[in-house]
C-alpha cells in the first residue's frame, strides 16, 4: 500500500505578498543607482559671475570745425583757430557762441520774405590773441545780416584760465567799484580825445562840430559807466617777459559811438589797473 504524503496547502495571498516585497526592493535599488548617477553627472553649481561695471563714458573734446553753408535764403561762414581745440572748455564756449549766432540767423532766414533783395548772411571768425600756460585769449569778430542798411556786429572776447579750466571775467579781475571808477575815467579820456581828433580831421564847421561832440560824447559816457558790464570785452596785451602790460577793452559799434566809427579799443596800462586788481591775478601783470 502506497504511502500518501500530505503537503500543507499553498497560500496564494502570501505568494503575491512575497513577490511585491521583492519588486519594491528591486525598484528601490534601481532608484538609488539612478540618483547616484545623476549626482555624478550633474555639474556642481557655480557662483554667479560678478556684475561687470559699466565702461566709463568716453570724454571727447568739442570739435571745432569750420562751417560753410550756402542756401537760397542764407550764407554762413564760421572759422576757428586750430589751437583753441587744445582747451575743451574754451572750445565749448566758442562753439556755443557760434551755434547761437547761427541759430538766430537761420531762424530769421526762415521768416525772410521771398522778395527780399539779398540772402541773409553770417560771417564769424575766431582768432587766437594769446596762448600761454597761464592765460589764453580768443577774439570773435563778425557780423550777422538779416536785412536793413547793414549787418549787426558780432563781437566777443574769451579770456581763459587753462589751469582752472574756466573763463576769466572782468568782474573777477576788478572786484570793487573804486577800480571801475578809475578804469572808466581813463577810458573816457582816451575816447573823447580820439573823438576830437576824428572831428578835426573831418573839418566840420563850428555848429556841426559841436553837435557831433555832444551826441558822440554822450554815447561815450553812457557806454563807459563805471560797471564791469560795460567793460566785459577785453583782451590781454603782452609786454616784456610775457607779463601783461595792459588790458585792451573792446567796444562794439553803437556802444561808444555811431556805427560808422566801427569797433573802438582802449589800452589801459598795468600801472592803472594794479591797485584795483584782485590779488590772485596781480602776478599776471608787469609790476605785479
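Numbering (UniProt numbering), first residue to last: 1 to 288.
By construction, the Cβ of each residue, glycine as well, lies at the ideal position given by its N, Cα and C atoms.
Between which residues of its own chain and residue 176 is the CB-CB distance below 8 Å, once the five residues before and five after are set aside?
In the chain shown, residue 176 corresponds to position 176, counting from 1. Cβ neighbours of residue 176 beyond the five flanking positions: 276.
When DSSP labels each residue in this structure, what does residue 133 get in the three-state scheme?
As a working mapping, residue 133 is identified with position 133 in the chain shown. In this structure, residue 133 counts as coil in the three-state DSSP scheme.
Note down, one range per segment and in chain order, each alpha helix (DSSP H) of at least 4 residues found wholly within the UniProt domain "DUF3298" (244-270).
none
The beta strand (DSSP E) that contains residue 171, what's its start and end?
Walking along the chain shown from the start, residue 171 turns up at place 171. Careful: residue 171 lies outside any beta strand (DSSP E), inside the alpha helix (DSSP H) at 170-173.
Which residues in the same chain as residue 91 place their Cβ atom closer than 7 Å to its Cβ, once the five residues preceding and following it in sequence are excluded?
Here residue 91 refers to the residue found at position 91 of the chain shown. Same-chain partners within the cutoff: 61, 62, 64, 84, 85.
How should residue 230 be labelled, buried or exposed, when 16 other C-beta atoms within 10 angstroms of its C-beta is the threshold for buried?
Against the chain shown, residue 230 aligns to sequence position 230. Classification of residue 230: buried, given that the 10 Å Cβ count is 16 or more.
Determine the DSSP secondary structure at residue 289, reduced to helix, strand or coil.
The structure shown does not extend to residue 289, since the chain is modelled only from 1 to 288, so the question has no answer here.
Does the structure place the stretch 197-209 close enough to the stretch 264-271 that three or more beta carbon pairs sit under 8 Å?
no
With residue 240 as the anchor, note down where its beta strand (DSSP E) starts and where it stops.
Translated into positions along the chain shown, residue 240 becomes position 240. Unbroken run through residue 240: none, as it is neither H nor E.
Quick one: measure Cβ to Cβ for residue 226 and residue 181, integer angstroms, because I've assumed they're closer than 8 Å.
Here residue 226 corresponds to residue number 226 of the chain shown, with the count starting at 1. Here residue 181 corresponds to residue number 181 of the chain shown, with the count starting at 1. Sure, about 5 Å apart at Cβ, within 8 Å.
Going by other Cβ atoms of all chains shown within 10 Å of its Cβ, with 16 needed for buried, is residue 68 buried or exposed?
On the chain shown, position 68 is the one that residue 68 refers to. By the neighbour-count rule (16 or more Cβ atoms within 10 Å), residue 68 is not buried but exposed.
Select from 153, 113, 159 the residue whose C-alpha is nearest the C-alpha of residue 131.
If you number the chain shown from 1, residue 131 lands on position 131. With distances taken between Cα atoms, residue 131 lies closest to 159.
Output the boundary residues of the beta strand (DSSP E) element that contains residue 291.
With the chain covering 1 to 288 only, the question about residue 291 has no answer from this structure.
For the alpha helix (DSSP H) containing residue 280, list its first residue and its last residue.
Locating residue 280 in the chain shown gives position 280, counting from the first residue. Element bounds for residue 280: n/a, residue is neither H nor E.
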